[in-house]
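In what follows, a single structure is set out as structure tokens and then discussed.
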Amino acid sequence: MIAQMHVPSLLSRAGAVSALTLAAVGGTLLAPGAAPEAQAATSYATKALGVAASKKGAPYGYGAAGPSRFDCSGLTLYAYKKAGKSLPRTAQQQYNKTRHISASSRQKGDLVFFHSGGRVYHVGIYAGSGKIWHSPKTGSWVKLDRIWSSKVYYGRVR
């Protein structure tokens, strides 16, 4: 497989660019043999993360899935739908549908599932640096919070 590059349109029109030039302008370079789906996953996950962040301050609403009120799984469902991916409605169903990954493999845009007694009860979108975008509870709103528990699973939307 040949390496895939994403570069700003100006550079792609100019022809080949070096990896150093690519890095300087914030492009992406996949190594030879890298799976193209890795870049695609990053793309929609990044978009979903941006959608969730754009809903900062939207009030919590039990059973709400946007566009102006959200519960936890409603926010993840809405964000990923806007990014072109479908998810089931509840946190547990979303966990069941994702590819389960380790904490060390997590990336921005992955889903973070909080669990107790084998049951998933909350979900948010990983924002990096140990934080998530989520809609936590009645009386609250969509916000960025640190992950407060060690009882979490991580899932990548396929």
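Each number in my numbering corresponds to the 1-based position in the sequence shown with 1252 added.
Don't be surprised by glycine CBs; every beta carbon is placed ideally from N, CA and C.
Fair warning: this is a prediction, and the values are worked out from it, not measured in the lab.
request  = Per DSSP, which residues does arginine 1358 bridge with? Please list them.
outcome  = The partner list for arginine 1358 (beta bridge, DSSP) is empty, contrary to what the question assumes.
message = Measuring straight from C-alpha to C-alpha, what distance separates valine 1310 and alanine 1300?
response = Per the sequence shown, the amino acid found at residue 1310 is alanine instead of valine. Their Cα atoms are separated by approximately 16 angstroms.
ask   = Would you report the Cα separation of tyrosine 1347 and valine 1394, rounded to the nearest angstrom?
value = 20 angstroms
request  = Check the C-beta distance from lysine 1308 over to valine 1409 and give it rounded, since I have them as a contact under 8 angstroms.
outcome  = Wrong, their Cβ atoms sit about 21 angstroms apart, outside the cutoff.
message = Excluding the 5 residues flanking arginine 1321 on each side, which residues of the same chain have their C-beta closer than 8 angstroms to its C-beta?
response = Ala1310, Pro1311, Tyr1312, Gly1313
inquiry  = For the beta strand (DSSP E) containing alanine 1379, name the first residue and the last one.
reply    = 1371–1380
inquiry  = Give me the residue from Ser1387, Gly1382, Val1404, Ser1368 with the minimum Cα distance to aspartate 1323.
reply    = Ser1387
query = What separation, rounded to the nearest whole angstrom, lies between the Cα atoms of serine 1306 and serine 1368?
reply = 29 angstroms
request  = For lysine 1389, collect the residues of the same chain with a Cβ closer than 7 angstroms to its Cβ; drop the 5 residues on either side in sequence, then sort them by chain order.
outcome  = Tyr1312
inquiry  = Just to confirm, is the Cβ distance from alanine 1316 to glycine 1302 under 7 angstroms?
reply    = no
request  = Using three-state DSSP, classify leucine 1339 as helix, strand or coil.
outcome  = coil
ask   = For the beta strand (DSSP E) that contains lysine 1395, what are its first and last residues?
value = 1395–1398
request  = Measuring alpha carbon to alpha carbon, tell me which of Tyr1378, Ser1357, Ala1297, Lys1349 ends up nearest valine 1364.
outcome  = Tyr1378
inquiry  = Less than 7 angstroms between the C-beta atoms of isoleucine 1399 and glycine 1380, yes or no?
reply    = no
task = Report the three-state DSSP secondary structure of serine 1306 (helix, strand or coil).
result = helix
Residue burial classification, histidine 1352 (beta-carbon count within 10 angstroms, cutoff 16) = exposed
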